[in-house]
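Trainee:
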Amino acid sequence: MACEAGDGDSVSVHRERGAGMNMPPVTVLGASGFIGRHLVARLRADGTPHHAPPRHDPTLLTRPLGHVIYAIGLTSDFRSRPLETVEAHVCLLRSLLAAGNFDTLTYLSSTRVYAGSPDTSESATLAVNPNDPSDLYNLSKLMGESLCLHGGRSGAKVARLSNIVGLRDTPDSFIDQLLEEGARGDGITLRTSLSSRKDYLYVDDAVSQILAIALSPGASGIYNVAHGDGVENREVAHWLHETLGYRCTVAADAPDWTFADVDVRRIRALGGPAPRAFSEYFPNFLAQYRLHKGI
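First residue of the sequence shown: 53, per the numbering used here; consecutive thereafter.
1. Count Cβ pairs between the segment 276-296 and the segment 232-246 that sit closer than 8 Å; are there 3 or more?
2. Assuming the contact rule is C-beta atoms closer than 8 Å, I124 and G152 should be a hit. Round their C-beta distance to whole Å, please.
3. Taking 8 Å as the threshold (C-beta atoms), are G282 and V316 in contact?
4. Is the separation between the beta-carbon of L149 and that of R205 shorter than 8 Å?
5. Going along the chain, which residues of its own chain have a beta-carbon closer than 6 Å to the beta-carbon of M195, five neighbours each way excluded?
6. What would DSSP say about E174, mapped onto helix, strand or coil?
7. How about C300 and A312: do their beta carbons lie closer than 8 Å?
8. With a cut-off of 8 Å, do at least 3 Cβ pairs link the segment 262-271 to the segment 327-334?
9. Would you mind stating whether V277 and A304 have Cβ atoms separated by less than 8 Å?
10. Is the distance from the Cβ of L213 to the Cβ of T163 below 8 Å?
11. Ignore the nearest five residues each way along the sequence and tell me which others in I274's own chain have a CB closer than 6 Å to its CB.
12. If you draw a straight line from the C-alpha of S147 to the C-alpha of L117, how long is it?
13. Count the other C-beta atoms from every protein chain shown that fall within 10 angstroms of the C-beta of G346, then say buried if there are 16 or more, exposed otherwise.
14. To the nearest angstrom, how far is it from the Cα of P76 to the Cα of S169?
15. Cutting at 7 Å between CB atoms, please list the residues of its own chain near L145, excluding the five before and the five after it.
16. Any idea what DSSP makes of G211, helix, strand or coil?
17. Output yes or no for whether 8 Å exceeds the beta carbon distance between A167 and N183.
18. In the DSSP output, what is Y159 paired with across the bridge?
19. Identify whether F311 lies in helix, strand or coil by the three-state DSSP scheme.
20. Got a sec? Which residues, its chain only, sit under 7 Å from Q261 by beta carbon, not counting five neighbours each side?
21. Alpha carbon to alpha carbon, how far is P110 from D129? Give it in angstroms, no decimals.
22. The beta strand (DSSP E) with V302 in it runs from where to where?
23. Nearest to W309 by alpha carbon, out of L292, A104, K250 and H90?
24. Could you spell out the range, first to last residue, of the beta strand (DSSP E) harbouring L242?
25. Suppose the cutoff is 7 Å on Cβ atoms and the five residues either side in sequence are ignored; what does the same chain contact list for L343 look like?
26. Is S331 buried or exposed, if buried means 16 or more other CB atoms sit within 10 Å of its CB?
27. Which residues in the same chain have their Cβ closer than 7 Å to the Cβ of T137, if we skip the five residues on either side of it in sequence?
28. Which term fits H357, buried or exposed, when burial requires 16 or more other beta carbons within 10 angstroms of its beta carbon?
29. My output table needs one value for P116: the three-state DSSP class, helix, strand or coil.
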């Protein structure tokens, strides 16, 4: 799925209270995508001045952008669209760093870059293999990160997002794919063991963490946007059955796949409320999904 820079007119909302009028706007690139839409909704609700430029906006490099959040990217279809993936993750970013008029830029990357690494701190040395087509995503994100950190512009920083849970238009996450399978009525087959685990973060909490990185004056470098405590497939399966009635079975050859708990010390140091536990939001998310899909 492409998370592109909007599909309509530029949106600008200004805080009515006087204190917000002098605040540089937040410019969300990729405002029509999953994360971008939620960012814009939060900014609008808070009355924060913001822009959501349309895709290929010819004025993007000619006006002040304030605090840029770079939410452009491809997710599940990156293997079939390698050139578009690099274009989204690197090429426009390069143009912004070279000629953009911004105060800060927060580049949204992914905790996928830690795949196979026992160290999930932001300073970890990471392994990628250009011979593996699955690593194209990580390689392009890491190139974007490196450009932000070493491209000669101060104020550029990186947010590595975990597995974000929220309503999407297309099933491009593990949770979404399970829900789509369950909705077909034949039950769900897990292809990794019940003890397999990964990090999940509710989209509202992800938005809070991203905005903390983007707008905190002292924020710099790389931050993990994650919960920090992994969730087993067993708990996911429990709530799918408890809330939606979907029965889960495990494939006979299902491997045990465990992602190391994501280090969240840097993001926690920025302050703000702790993210919600999986059990606090997942049942409500499933109820919203049921209403959204009419099932």
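Glycine is no exception: its CB is placed at the ideal position from the N, C-alpha and C atoms.
Mentor: This is what the structure holds:
1. yes
2. Between G152 and I124 the Cβ distance is about 13 Å, and since that is not below 8 Å, they are no contact.
3. no
4. yes
5. V142
6. coil
7. no
8. no
9. no
10. yes
11. E174 and V210
12. 14 Å
13. exposed
14. 38 Å
15. Y122, Y159, G196 and L199
16. Note that residue 211 is Ala in the sequence shown, not Gly. In this structure, A211 counts as strand in the three-state DSSP scheme.
17. no
18. Y122 and V210
19. coil
20. V277 and I319
21. 27 Å
22. C300 to V302
23. K250
24. I240 to L242
25. none
26. exposed
27. L126, F130, L188, Y189 and S192
28. Outside the modelled stretch of the chain, which goes from 53 to 347, sits residue 357, for which no answer is possible.
29. strand
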